[in-house]
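Novice: Here the sequence shown is numbered in UniProt numbering, starting from 1 and rising by one per residue.
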Amino acid sequence: MTVYVETNFLLALVKDSDWLQQSAEEALDEYDVETSAFSYLELLLARERYEFDYVPLVANLLELVPVRDEEERQIVLKAVNYYDEGMTAFDAFHAATAETRTLNVLSSEKDYEDIEVERVPLEPADE
Numbered sequence: 001m002t003v004y005v006e007t008n009f010l011l012a013l014v015k016d017s018d019w020l021q022q023s024a025e026e027a028l029d030e031y032d033v034e035t036s037a038f039s040y041l042e043l044l045l046a047r048e049r050y051e052f053d054y055v056p057l058v059a060n061l062l063e064l065v066p067v068r069d070e071e072e073r074q075i076v077l078k079a080v081n082y083y084d085e086g087m088t089a090f091d092a093f094h095a096a097t098a099e100t101r102t103l104n105v106l107s108s109e110k111d112y113e114d115i116e117v118e119r120v121p122l123e124p125a126d127e
């Protein structure tokens, strides 16, 4: 049986000590698991509370806890790299989504100009 897991499952696997760790590890043996990019976004946000090397961690974790399809996997991997390069977690996921789907992004956020995503300015032309 395939079950959807959320962020507390991921945190239980990656933290050094977690009260749900044993249950999560047992669930990996018992079920096929999958999650979404949202769980990985939340994991990046939680990273500020828990110290872990998130770039290799997410790449390895995607093997254990995959997302639904290859497109979503690419979004997660690209977002983690953008986050590592200094974007906020949310902007990193927006940029990765736009890039993976080969879309331009309509935004006032200037960080998009430094990456492989074409930014269409949202701000008025006179600014």
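Ideal Cβ placement from N, Cα and C applies to all residues, glycine included.
#1: Whole angstroms are fine: how far does the CA of L103 sit from the CA of E119?
#2: Should V3 go down as buried or exposed, given a rule of 16 or more other Cβ atoms within 10 Å for buried?
#3: What's the gap between the Cα of V33 and the Cα of V65?
#4: Assuming contact is defined by CB atoms lying nearer than 8 Å, are A89 and L57 in contact in what I supplied?
#5: When you compare the CB positions of L61 and L28, do they come within less than 8 Å of one another, or not?
#6: If I'm right that S36 touches E72 with Cβ under 8 Å, what's the distance once you round it to whole angstroms?
#7: When you compare the CB positions of E99 and K78, do they come within less than 8 Å of one another, or not?
Specialist: Put simply:
#1: By 1-based counting over the sequence shown, the position of residue 119 is 119. By 1-based counting over the sequence shown, the position of residue 103 is 103. In the sequence on display, residue 119 carries Arg and not Glu. So the alpha carbons of these two residues sit roughly 9 Å apart.
#2: Along the sequence shown, read from residue 1 onward, the residue named residue 3 stands at position 3. Counting C-beta atoms within 10 angstroms of its own C-beta, V3 has fewer than 16 neighbours from the protein chains shown and is therefore classed as exposed.
#3: The residue you call residue 33 lines up with position 33 of the sequence shown. The residue you call residue 65 lines up with position 65 of the sequence shown. Straight-line Cα distance between these residues: approximately 6 Å.
#4: The residue labelled residue 89 in the question sits at position 89 within the sequence shown. The residue labelled residue 57 in the question sits at position 57 within the sequence shown. No, the pair does not count as a contact, with Cβ atoms beyond the cut-off.
#5: What you label residue 61 is simply residue 61 of the sequence shown in a count that begins at 1. What you label residue 28 is simply residue 28 of the sequence shown in a count that begins at 1. No.
#6: Translated into the one-based positions of the sequence shown, residue 36 becomes position 36. Translated into the one-based positions of the sequence shown, residue 72 becomes position 72. Going by Cβ atoms, the distance from S36 to E72 rounds to 7 Å, so yes, they are a contact pair.
#7: Taking the sequence shown and counting its residues from 1, one reaches residue 99 at position 99. Taking the sequence shown and counting its residues from 1, one reaches residue 78 at position 78. Contact flag set, yes.
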